[in-house]
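All remarks here apply to the structure that follows.
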Amino acid sequence: MKRSLRFKLTAAFLLLTLLTFTLLGVLANVILKKQFASYVIDNLSRKNTEIVSTLSVRYADWGGRWDIGGLESIGIGAMSDGLILRVSNSAGAVLWDARVHNSGLCAAMLDAMAANMLRQDAGFDGGYTEKTYGVVSGGKTVGTVTIGYYGPYFYTDNDIRYLNTLNLLILLAMALVGGAALVAGAVMAKRLAEPISNVIRTADRISDGDYESRLQEDSTTAELAALAGAINTLAEKLEKQESLRKRLTADVAHELRTPMANLQSHLEAMLDGVWAPDAARLKSCHEETVRLSKLVADLENLARIEGGTRALQKEPVDLHALVRRAADCFESELAAKRITLGADLPDIAVSADRDKLTQVLVNLLSNAVKYTPPGGRIEVAASEGDGGVCISVRDTGAGIAPEDLPYIFERFYRADKSRSRDTGGSGIGLAIVKSIVTAHGGSVTAKSAPGEGSEFIVTLPQ
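Residues 1 to 462 (full-length UniProt numbering) make up the sequence shown, in order.
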C-alpha cells in the first residue's frame, strides 16, 4: 500500500523523536537511579551517625547509665526508618535487641525491603547487613550499637513513591514531547509535501497541454525552489516548442500548398483547354515540381542527420580548399548582386565529413547571399585555439531581430514572417547546419542585430 509523502514524513519525524526521547528517558532513569542510590547510601550513613549521637546524649541524660525503656523507644523509632538496633554495654552484654523484642516485625520489614528492591531492580543483589559503632560519653566508650539494615542500601516506601513519581513525570514528558512531535511533524510534512503536490498538479496540467502553468519559486527550501524552477523552465520550453510546432505546421502547409496549387491550376487550365500545353507552361509546372522535390529532399536529409542513420565519414579536411569549393557554387549569384566575398583562411585542417561540412558552408553562404544587398560584402574566416577550430561567415545584410535570434536554427523558422519567396527557401537550411555540426560534436551560434548584418560561428573539435 502506497503512503503519501506527508504521512511518511510525519511518521518518520514522530518515530525519530520518540526513539530519541525514549533513549533519553531510559538514560535519565538510569542516571537518576544511580544518583538516588548514592543519596540513599549517604542518608543511611547520616542516620546511623545520628543514632550513635543520640545514644551518647541520652546516656548522659540518664545519669551515666543505660535505660532499657529509653533504648526500646530509640530502637522502635529506628525501625520506622528500616533500621534494626542491638545495644550492648561496655562489657559486651546485650542490653536491647530489636530482633529479640520485635522478631516478627523485623522479619516482615526485611522481607518487604527485599521485595521492594527486587521490584525496582530484578537483578538487585542485597541482603541483611550490620555495622557496629562505639558509643562514647564523657570521653570514654560506654557501649556499642549494632545497626542492621537491608544492604548495601534499601528504599523506603517514601523513596519508592518518589521514584515512581519521577518515572511518571518522565513518561508524561515523553507523551507531551510525542504529541508536540506529532504536531510539528505534521506541520513540517505539510510544508514539504504541499510544494511537491503543487509540482504534481502543475506537471499534470502541463501534460494535458496547459503550457502556461507556472509554479511560485518562493520556497525557502533550496531543492524545492530548484524543482519549481526546473518545472517552470520545462513548461516555458514546451510552450515555445508548441508555438514552433504550430508555426511548423503552418509553414509546411504553406510550403506545400503554393506549389501544389500552382500545379493544380496549371494542369486544370491545360486540361480545360484554357492554356495550351506549350514549353513555357510545362516549364512552370516543372519548376514547381522541382521545388516540391527539393523540400522533400531537405526534410529527408534532416531526418537522416538527426536520426543518425548515416555514420559520418571523417577525414582530414583542408578548410581553405573546402571554402573555395563551396564559394564556387555561388559565383553567378555573387556576380549578379556585385557582392564581394573575402576569405581569411590560414592552412588549417579539421577532422570532419567532407560532404557534410561542405553542406554546412553552402547553407551558410546561401543565407548570406540571399540577405546581403547588392554591393555588400561577405567574409569567411577560420582560426584554431584550445576550444577547437572556428569557422565564421559574416555578411552585411539586414540582420536578425533579437526576438528571432534564439529560434533561427529551428526547422521551418524564418524571421521573415511574410514568407516572401524573394528570399524564399524551405526554412530548414540552418536546422540542417545545426544537426550536422552537432553530429560532429561541435556547436553553432549566431550574432546579429537589425541593420548590422549577421555572423554565424561554427566550432568543431580538432
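Quick reminder that beta carbons are idealized off the backbone N, C-alpha and C, glycines included.
- Here P450 is not bridged, per DSSP, to any residue.
- In the assembly as shown, M113 is a buried residue. Its beta-carbon has 16 or more other beta-carbons within 10 Å.
- Between M79 and N48, the beta carbon gap of about 14 Å keeps them out of contact (Cβ cut-off 8 Å).
- Not a single unbroken stretch of the beta strand (DSSP E) spanning 3 or more residues falls wholly within the UniProt domain "HAMP" (190-243).
- Residue burial annotation: E50 is exposed, with fewer than 16 other C-beta atoms found within 10 angstroms of its C-beta.
- Residues of the same chain with a CB within less than 7 Å of the CB of I196, apart from the 5 flanking positions on each side, are L5 in chain order.
- One thing to note: V323 has its Cβ no nearer than 8 Å to the Cβ of V389.
- By the CB criterion at 8 Å, G453 and G375 fall outside the cutoff.
- The C-beta of L215 has 16 or more other C-beta atoms within 10 Å across all chains shown, which makes the residue buried.
- Short of 6 Å from the beta carbon of K131, and not among the five residues preceding or following it, lie these beta carbons of its own chain, in chain order: I147.
- Using a C-beta cut-off of 8 Å, the region 230-246 makes contact with the region 200-216, since at least three inter-stretch Cβ pairs fall below that distance.
- The Cβ atoms of I428 and K356 do not sit closer than 8 Å to each other.
- For N363, there is no enclosing beta strand (DSSP E); the residue is part of the alpha helix (DSSP H) that begins and ends at 354-371.
- Across the set A368, L166, E72, the C-alpha of A368 shows the shortest separation from the C-alpha of I339.
- DSSP, reduced to helix, strand and coil, places V274 outside both helices and strands of the structure shown, so it counts as coil.
- For R325 and T358, the gap between their C-alpha atoms comes out near 8 Å.
- The C-beta distance from A269 to P316 rounds to 55 Å, too long to meet the 8 Å contact threshold.
- Runs of the beta strand (DSSP E) lying entirely within the region 65-135, each at least 3 residues long, are 84-89, 94-97 in chain order.
- Minimum Cα-Cα distance from G178 among the listed residues G385, T10, S293, A60 corresponds to T10.
- Counting C-beta atoms within 10 angstroms of its own C-beta, F7 has fewer than 16 neighbours from the protein chains shown and is therefore classed as exposed.
- By the criterion of at least three beta-carbon pairs nearer than 8 Å, the region 326-334 is not in contact with the region 283-298.
- In this structure, the straight-line span from the alpha carbon of Q313 to that of V433 is close to 17 Å.
- The continuous stretches of alpha helix (DSSP H) do not include E403, and DSSP gives it neither H nor E.
- Segment contact: the region 56-72 against the region 147-161, fewer than three CB-CB distances shorter than 8 Å; contact not assigned.
- Counting along the chain, the unbroken beta strand (DSSP E) around I391 starts and ends at 388-395.
- DSSP places T165 within a helical segment (H, G or I) once states are collapsed to three.
- Taking 8 Å as the cut-off, the beta carbon of G127 is found closer than this to the beta carbon of G151.
- Counting C-beta atoms within 10 angstroms of its own C-beta, T372 has 16 or more neighbours from the protein chains shown and is therefore classed as buried.
- If you look at L24, you'll find it in the alpha helix (DSSP H) that goes 5-61.
- Cβ-Cβ separation between R99 and I84: approximately 6 Å, consistent with a contact (criterion under 8 Å).
- Burial state of N164 is exposed, judged by a 10 Å Cβ sphere holding fewer than 16 other Cβ atoms.
- In chain order, P259, N262, L263 place their CB closer than 7 Å to the CB of E288, counting only its own chain and leaving out the 5 sequence neighbours on each side.
- Residue environment: G138 is assigned as exposed (fewer than 16 neighbouring CB atoms within 10 Å of its CB, all protein chains considered).
- By alpha-carbon distance to G399, the top candidate from L182, F124, G385, K370 is K370.
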